[in-house]
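Trainee: Here it is, the structure, as structure tokens.
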Amino acid sequence: MLARPVFVVGAVRSAVGRRGGTLADVHPADLGGQVVAELLDSAGLAGAAGAAVDDVVFGCVSQIGAQSTNIARIVALSAGLPESVPGTTIDRQCGSSQQAVHFAAQGIASGDQELVVAGGVEVMTRVPIASSAIVGAERGMGLPREGELWAKRYGGQEISQFRGAQLIADHWGITRAEMEELSLRSHARALTAQAEGLFDDEIVAVNGLTRDEGPRADTTAEKMAGLKTLAEGGTLTAAVASPISDGAAALLLASEDAVVRYGLTPLARISAMAVVGSDPVLMLTGPIPATARVLAKAGLQLSDIDLFEVNEAFASVVLAWHRETGAPVDRTNVLGGAIALGHPLGATGARLMTSLVHQLHHTGARYGLQTMCEGGGMANATILERL
2 MLARPVFVVG AVRSAVGRRG GTLADVHPAD LGGQVVAELL DSAGLAGAAG
52 AAVDDVVFGC VSQIGAQSTN IARIVALSAG LPESVPGTTI DRQCGSSQQA
102 VHFAAQGIAS GDQELVVAGG VEVMTRVPIA SSAIVGAERG MGLPREGELW
152 AKRYGGQEIS QFRGAQLIAD HWGITRAEME ELSLRSHARA LTAQAEGLFD
202 DEIVAVNGLT RDEGPRADTT AEKMAGLKTL AEGGTLTAAV ASPISDGAAA
252 LLLASEDAVV RYGLTPLARI SAMAVVGSDP VLMLTGPIPA TARVLAKAGL
302 QLSDIDLFEV NEAFASVVLA WHRETGAPVD RTNVLGGAIA LGHPLGATGA
352 RLMTSLVHQL HHTGARYGLQ TMCEGGGMAN ATILERL
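The numbering used here numbers the first residue of the sequence shown as 2 and each following residue consecutively.
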């Protein structure tokens with residue numbers, strides 16, 4: 002339990018665009034700014050009333066080019082917030098915007114802040130994954146893990162999310178067929194959710210886009226089985242990995258006093274938060290210990306959780322998590338996951354949480370647990386209670 006209650010009083014997102022799709026030419030600050038502007042408007046905090054916001058905390062992984070120079074501050078100003086409202090950008094890899102929510106909640110729980118916007122943005126079309134590392138290498142900056150002390154500890158072996166995902170599949174004996182089955186289910190669930198309008202309440206139209214571009218109605222087991230593996234001798238293909246995507250999402254967090262003062266409507270309470278480190282070579286196993294830790298902090302059992310959101314960076318990550326936790330498949334990623342909906346890196350944590358908040362209300366469920374793997378061997382986990 003947190004020292005002071007922290008409430009989610011708003012949660013919105015853009016639709017997730019495909020690489021080169023509808024959001025590709027939208028400036029990241031405009032994308033994030035439109036989402037934050039809608040978030041504040043729906044809470045009655047647009048314009049001068051936005052001065053009540055203590056901070057804007059935004060996640061973004063590739064902080065170069067249009068996403069550099071503290072994109073959170075630029076998003077805040079682009080959203081029309083008064084100049085008195087600050088902003089800060091954080092990078093905890095794929096969990097950046099989930100960590101943004103954690104930092105915002107910690108500021109409120111400590112009594113230091115009352116009202117904070119937390120979210121993230123990533124336009125991967127402009128800066129595809131690993132491009133920042135490539136730019137650094139071109140400038141002679143190298144990679145952090147090329148240092149002598151890193152090499153002394155981990156040697157010269159390849160360190161990448163792709164290798165990590167394959168190592169996970171190998172370690173847990175997860176077959177290609179199992180991963181393709183999860184991918185097929187992800188697309189089917191996402192398409193069903195779209196058809197039933199389950200995302201409609203959470204999506205802000207940006208550049209005319211109101212539907213996630215990732216889910217593919219033409220996905221079949223036969224097509225996936227014919228794809229080439231990502232590495233020779235491996236079992237992972239593009240079909241069982243999340244695609245390069247563009248998107249933004251934001252949540253408004255409030256203290257109990259702020260809820261009363263500004264007439265806000267709590268949607269959920271943050272019950273517990275956790276962040277862990279894990280093996281940086283396997284890299285993507287962190288959701289397993291993170292789930293155990295956040296349940297312990299909340300004083301809950303796995304059986305108490307009604308809905309799980311586990312980021313589908315790769316199918317092997319989710320399947321290994323299932324095997325270790327025993328969490329039921331029928332309560333996990335029920336609206337589809339990142340393999341179908343997309344994974345705009347720094348925005349995904351807030352995107353998952355936005356969908357989780359709305360789905361808790363659609364179903365009348367009480368508890369939701371969200372966790373996601375992160376580059377470098379880390380993971381965040383959050384438990385929400387519907388109000």
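We put the beta carbon where it would ideally sit given N, CA and C, even for glycine.
Who pairs with Met373 in a beta bridge, going by DSSP?
Mentor: Within the sequence shown, the letter at position 372 stands for residue 373. Answer is Asn381, bridged to Met373.
Trainee: Can you tell me whether DSSP reads Ala255 as helix, strand or coil?
Mentor: Residue numbering aside, residue 255 sits at position 254 when the sequence shown is read from its first letter. Strand, per DSSP.
Trainee: So is Ser1 buried or exposed if we call it buried at 16+ other beta carbons inside 10 Å?
Mentor: This structure does not reach residue 1, given that the chain is present from 2 up to 388, and the question cannot be answered.
Trainee: Between which two residues does the beta strand (DSSP E) holding Glu310 run?
Mentor: As a first step, residue 310 must be located in the sequence shown, where it is residue number 309. Segment 308–311, the beta strand (DSSP E) holding Glu310.
Trainee: Between the C-alpha atoms of Ile271 and Gln371, what's the straight-line distance to the nearest angstrom?
Mentor: Position 270 of the sequence shown, counting from 1, holds the residue named residue 271. Position 370 of the sequence shown, counting from 1, holds the residue named residue 371. If you take the alpha carbons of Ile271 and Gln371, they lie about 11 Å apart.
Trainee: Indicate the three-state DSSP secondary structure (helix, strand or coil) for Gly300 in the structure shown.
Mentor: For the purposes of this step, residue 300 is taken as residue 299 along the sequence shown, with counting starting at 1. Coil at Gly300, not helix or strand.
Trainee: On the criterion of 16 or more Cβ atoms from any shown chain inside 10 Å, does Gln35 qualify as buried, or is it exposed?
Mentor: Locating residue 35 in the sequence shown gives position 34, where the first residue counts as 1. Gln35 should be labelled buried.
Trainee: Hey, out of Gly209, Val319, Glu203, Met274, whose CA is closest to Ala242's CA?
Mentor: Counted from its first residue, the sequence shown places residue 242 at position 241. Checked all of Gly209, Val319, Glu203, Met274; the closest Cα to Ala242 is Val319.
Trainee: Taking the beta carbon of Leu150 as the centre, do at least 16 other beta carbons fall within 10 Å, making it buried, or is it exposed?
Mentor: Position 149 of the sequence shown holds residue 150. Leu150 comes out exposed.
Trainee: Can you list, in chain order, the residues of its chain with a C-beta nearer than 6 Å to that of Asp213? Leave out the 5 residues immediately preceding and following it.
Mentor: Working through the sequence shown from its first residue, we reach residue 213 at position 212. For Asp213, where only same-chain residues beyond five positions count, the Cβ hits under 6 Å are Ala16, Val17, Leu342.
Trainee: Buried or exposed: which applies to Ala222, given that a residue is buried once 16 or more other Cβ atoms fall within 10 Å of its Cβ?
Mentor: By 1-based counting over the sequence shown, the position of residue 222 is 221. Answer is exposed; the Cβ neighbour count stays below 16.
Trainee: If you reduce the DSSP assignment to three classes, tell me which class Asp305 lands in.
Mentor: Within the sequence shown, numbered from 1, the residue matching residue 305 stands at position 304. Three-state result, Asp305: helix.
Trainee: Apart from the five residues on each side of it in sequence, which residues of its chain come closer than 8 Å, Cβ to Cβ, to Val136?
Mentor: Here residue 136 refers to the residue found at position 135 when the sequence shown is read from its first residue. Any reading at Val136 must be qualified, since the residue scores a pLDDT of 49, below 50, and its modelled position is unreliable; no value is offered.
Trainee: For the beta strand (DSSP E) containing Ala269, list its first residue and its last residue.
Mentor: Against the sequence shown, residue 269 aligns to sequence position 268. Taken as a continuous stretch (DSSP letters only), the beta strand (DSSP E) holding Ala269 covers 269–278.
Trainee: How would you call Val7, buried or exposed, if buried means at least 16 neighbouring beta carbons within 10 angstroms?
Mentor: For this step, residue 7 is matched to residue 6 along the sequence shown. Buried is the call here.
Trainee: What does the Cβ neighbour count give for Ser161, buried or exposed, with the cut at 16 atoms within 10 Å?
Mentor: Within the sequence shown, numbered from 1, the residue matching residue 161 stands at position 160. Burial call: exposed.
Trainee: Measure how close the beta-carbons of Leu283 and Tyr368 come, nearest whole angstrom, since I'm counting them as under 8 Å.
Mentor: Numbered from its first residue, the sequence shown carries residue 283 at position 282. Numbered from its first residue, the sequence shown carries residue 368 at position 367. Rounded, the Cβ-Cβ distance is 28 Å, inconsistent with contact.
Trainee: Buried or exposed, going by whether 16 or more other CB atoms sit within 10 Å of the CB of Thr266?
Mentor: The residue labelled residue 266 in the question sits at position 265 within the sequence shown. Exposed.
Trainee: Give me whichever residues DSSP pairs with Ala366 in a beta bridge.
Mentor: Within the sequence shown, residue 366 is the residue found at index 365, counting from 1. Its beta-bridge partners do not exist; DSSP assigns none.
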